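For reference, the structure is listed below as structure tokens.
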Amino acid sequence: MQMMLHISIPTSNGKEVALSEQSLAKFNSVLMLEESYVIASDILVILLTVALGQIGNFLAYTAVPTVLVTPLGALGVPFGSILASYLLKEKLNILGKLGCLLSCAGSVVLIIHSPKSESVTTQAELEEKLTNPVFVGYLCIVLLMLLLLIFWIAPAHGPTNIMVYISICSLLGSFTVPSTKGIGLAAQDIFHNNPSSQRALCLCLVLLAVLGCSIIVQFRYINKALECFDSSVFGAIYYVVFTTLVLLASAILFREWSNVGLVDFLGMACGFTTVSVGIVLIQVFKEFNFNLGEMNKSNMKTD
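Counting along the sequence shown from 1, when you hit position 293 you're at 293 in the UniProt record's numbering, and nothing is skipped either side.
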């Protein structure tokens, strides 16, 4: 079951990307033709695919350690690139294909060396972790950094420095992913007829509010970043920074690294590095138009 979640969720997210781009392309063509309709079946497919991907993400975060789910989100990039090459007829150069291979290989390494069990499985354990002084101190530092970035640094340097918007969105990941996992744990006790069900409901509502606010702010600054910077460069850097900060927050809150030995830790570090290199190759170099044939011709001319 967990292995199916590992693979199916990033796949569905990759379908979201490719199908959404296809829908936008068709929508733009409709506008160019000055027609007043959009193909309803395509829109329905997009909505269903997005819903499936988000439900899958929620299930994955509640059933699988965060230290594994977050890096594996990168699998959506190669799957999206491959589907886009078929659905949108986009060319995938040799570096893009190599990036897809590296991302898949790194993901396999992550799965092999990931924690085999959850460290937090009940609402009581979750409440204990949330009130831990170390985690509370970490959240205070994150909130202070977000206030500085949003109200002082972003207005002055956001449009010229890509790391400002990326830092805001990535720091907010310290709230979104743990909140998603916490909602899944608290929801297990909501419908039980016992004194803890009321506390579980209150905790779930608080986490939902935190999740909603953080997602809204993330969307705002992601859109700002895409208006000012190249989406390929933004996507590659954002994946690395977001994943790193989410893993840090999850390590402090859930202590998932406590069950990971040195060999598995090094294996996951190598897997994450391999996936990150693959994402950079796919995203940053996708506009380069060259293939093996052109490389062979250039080598022949050199000789």
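Beta carbons: idealized from backbone N, C-alpha and C, even for Gly. Computed from a predicted model, the values in this text were never measured in an experiment.
Residue i and residue j closer than 8 Å at C-beta
i    : j    : result
S174 : V246 : yes
L253 : F135 : yes
L146 : G182 : no
S232 : Q188 : no
I237 : I166 : yes
L226 : F234 : yes
G267 : I111 : no
G158 : F285 : no
L172 : V217 : yes
C270 : V109 : yes
I215 : A200 : no
Other residues of its chain near residue i: CB distance less than 6 Å, five sequence neighbours each side excluded
i    : result
L203 : A186
V260 : P115
I153 : V164
I162 : F229
Proximal residues to residue i (C-beta, below 7 Å), its chain only, five neighbours per side dropped
i    : result
I222 : C169
T274 : L102, A105, G106, V109
A124 : none
Cβ-heavy atom distance, residue i to the ligand NAD, below 7 Å
i    : result
W257 : Among the ligands in the structure shown, none appear at all, so the ligand NAD cannot be discussed.
- Examine the Cβ distances between the stretch 268-278 and the stretch 96-109 and report whether three or more of them are shorter than 8 Å. Three or more Cβ pairs closer than 8 Å define a contact, and the stretch 268-278 meets that threshold against the stretch 96-109.
- Message: Extract the residue ranges of the beta strand (DSSP E) inside the stretch 127-212, only unbroken runs of 3 or more that lie entirely within it.
- Response: none
- Task: Mind the definition here: the stretch 168-184 touches the stretch 204-217 only if three or more C-beta pairs lie below 8 Å; say whether that holds.
- Result: yes
- Could you name each continuous alpha helix (DSSP H) segment of 4 residues or more that falls completely within the stretch 219-302, going from the start of the chain to the end? Within the stretch 219-302, the complete alpha helix (DSSP H) runs of at least 4 residues are 231-254, 262-284, 292-302.
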